[in-house]
Amino acid sequence: MASITLCLINQKGGCGKSSTCFHLAGAFAASGCSVLLIDADPQGSLSQGFMGSDYVENLPGNKTLAAIFDEECFFLDQQQLIQPTGFEGISIVPCNQHLAKFNVPEPEKAGMVQYSVKEFLEQHDNYDVVLIDCPPNLYQCSWNSMIASDYVVIPVPPEDFGTQGLRAVHQAIDNARRLNPGLRRLGHLVTRYDKRLLVHRSYEERLRELYKEMVLDTVVPEASAFKVALACRQPVEYYSSKSAAAERTRDLAAEIVSRIAERNKKRMVGA
Ligand SMILES: Nc1ncnc2c1ncn2[C@@H]1O[C@H](COP(=O)(O)OP(=O)(O)O)[C@@H](O)[C@H]1O
Ligand SMILES: [Mg+2]
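Per the numbering used here, the very first residue in the sequence shown carries number 1172; after that it's consecutive.
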């Protein structure tokens, strides 16, 4: 499989960005892919999922993603930012509050800093899949992630039809495409879905009407297995591979791969 870099963006918190990155990494790794996770959210939830909150909170800035934004770390060997997670095939560049000061608004005014993640990934390109977890805003960290990515996934919980919020996300993607014309929307991903709730079913229907094929077929259900596995610091694929939650996550990984293959095929025939 050719390497893919994918970021998960939404300016809302709690919509499943970190959870999806965490569990998806497990599904990709179990299928034999090497995965690099970039934690680009100063809250560090993805890092904490693998390494625990005490460890992550105490990491010095020069052991986190913050180092790639920091002039004082210019001569640092960036390879040492990549850490094992304890799961074969999954590595992570962790982060914590040290990243916060670099996550500034108006990211497009930051000059070369806008390319920090992109340059880092160009130097460390020996992974099949790179997943970038973004903060719940569209500041420098999300901006850097979009500039470094091939694809964006927009996780959306099926409530509170704040199309306003989504519009800003799409605007930011369009803006990022000026600097990274290769960036594509892979689609919206319905997360935390409870099929028993009419409001969730109607939301999903409306989203599919609005965005058509730009909504992934796979839906991530609200499932306690995701939470419990995270609390046990294991992607659900490893915690409970037979659970419905693990199965859906494998479906999601497979759909991502097949959508990308489809896109590449169309591009090759010039469609
Ligand atoms: N599909 C899901 N089922 C159950 N709990 C979920 C699901 N997705 C996320 N959560 C939980 O919801 C909370 C917020 O999710 P998170 O992924 O951290 O959101 P975000 O990164 O978008 O802010 C976490 O406690 C997470 O474990
Ligand atoms: Mg998060």
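We put the beta carbon where it would ideally sit given N, CA and C, even for glycine.
Do residue i and residue j have their C-beta atoms within less than 7 Å of each other?
i	j	result
Pro1329	His1371	yes
Asn1274	Cys1312	yes
Phe1258	Ala1200	yes
Val1227	Pro1265	yes
Val1300	Ile1175	yes
Val1407	Ala1417	yes
Gln1219	Pro1307	no
Phe1291	Ile1239	yes
Tyr1298	Leu1207	yes
His1269	Ala1237	yes
Trp1314	Pro1278	yes
Arg1367	Glu1393	no
Tyr1202	Gly1260	Per the sequence shown, the amino acid found at residue 1202 is Ser instead of Tyr. Cβ atoms of Ser1202 and Gly1260: not closer than 7 Å.
Ser1412	Ala1396	no
Please decide whether residue i counts as near chain B, where near means a Cβ-Cβ distance under 7 Å.
i	result
Gly1282	Absence of chain B from the displayed structure is noted, only one protein chain being present.
I'd like the span of the alpha helix (DSSP H) that includes residue i, first residue to last.
i	result
Val1288	Ser1287 to Gln1294
Thr1420	Ala1415 to Met1439
Using a Cβ-Cβ cut-off of 7 Å (strictly less than) and excluding sequence neighbours within five positions of residue i, which residues of its own chain qualify?
i	result
Ala1271	Pro1213
Arg1356	Val1323, Ile1344 and Met1385
Arg1112	Residue 1112 lies beyond the stretch modelled for the chain, which goes from 1172 to 1442, so this question has no answer here.
Ala1196	Val1206, Leu1208, Ile1261, Leu1302 and Pro1406
The beta strand (DSSP E) spanning residue i covers which residue range?
i	result
Thr1191	Premise fails: Thr1191 lies in the alpha helix (DSSP H), Lys1188 to Ala1201, not in any beta strand (DSSP E).
Asp1204	At residue 1204 the sequence reads Cys, which differs from the Asp that was named. From DSSP, Cys1204 is part of no beta strand (DSSP E); its letter is neither H nor E.
Ile1175	Ile1175 to Leu1179
Short of 6 Å in beta carbon distance, which residues of its chain neighbour residue i, apart from the five on each side in sequence? Order them along the chain.
i	result
Thr1256	Phe1221 and Ile1263
Ile1303	Cys1178, Ile1209, Ala1211 and Ser1316
Ser1189	Ser1216, Leu1217 and Asp1304
Val1440	none
Please return the same chain residues whose Cβ sits closer than 8 Å to the Cβ of residue i, not counting the five positions on each side in sequence.
i	result
Arg1434	Arg1355
Leu1378	Val1327, Pro1329, His1359, Val1361 and Val1386
Ala1198	Pro1406, Glu1408, Ala1417, Thr1420, Arg1421, Leu1423 and Ala1424
Gly1152	Residue 1152 cannot be examined here, being either before or after the span of the chain that is shown, 1172 to 1442.
Gln1285	Pro1278, Glu1279, Gln1311, Trp1314, Asn1315, Ile1318 and Leu1350
Gln1251	Lys1234
Say yes only if the C-beta of residue i is nearer than 6 Å to one or more non-hydrogen atoms of ligand 3, and no if none qualify.
i	result
Lys1188	In the structure on display, ligand 3 does not appear, and the ligands it does have are ligand 1 and ligand 2.
TODO: Scan the stretch 1338-1408 and note each continuous alpha helix (DSSP H) run of 4 residues or more that stays entirely inside, going in chain order.
DONE: With a minimum length of 4 residues, the continuous alpha helix (DSSP H) runs that stay inside the stretch 1338-1408 are 1369-1382 and 1395-1402.
Open item on the list: Going residue by residue through the stretch 1253-1327, where are the continuous beta strand (DSSP E) segments of at least 3 residues, counting only ones entirely within it?
Closed with: Within the stretch 1253-1327, the complete beta strand (DSSP E) runs of at least 3 residues are 1261-1264, 1300-1304 and 1322-1327.
TODO: Return the chain-ordered ranges of every alpha helix (DSSP H) run that is complete within the stretch 1212-1260 and spans a minimum of 4 residues.
DONE: For the stretch 1212-1260, the full-length alpha helix (DSSP H) segments reaching 4 residues or more read 1216-1222 and 1224-1228 along the chain.
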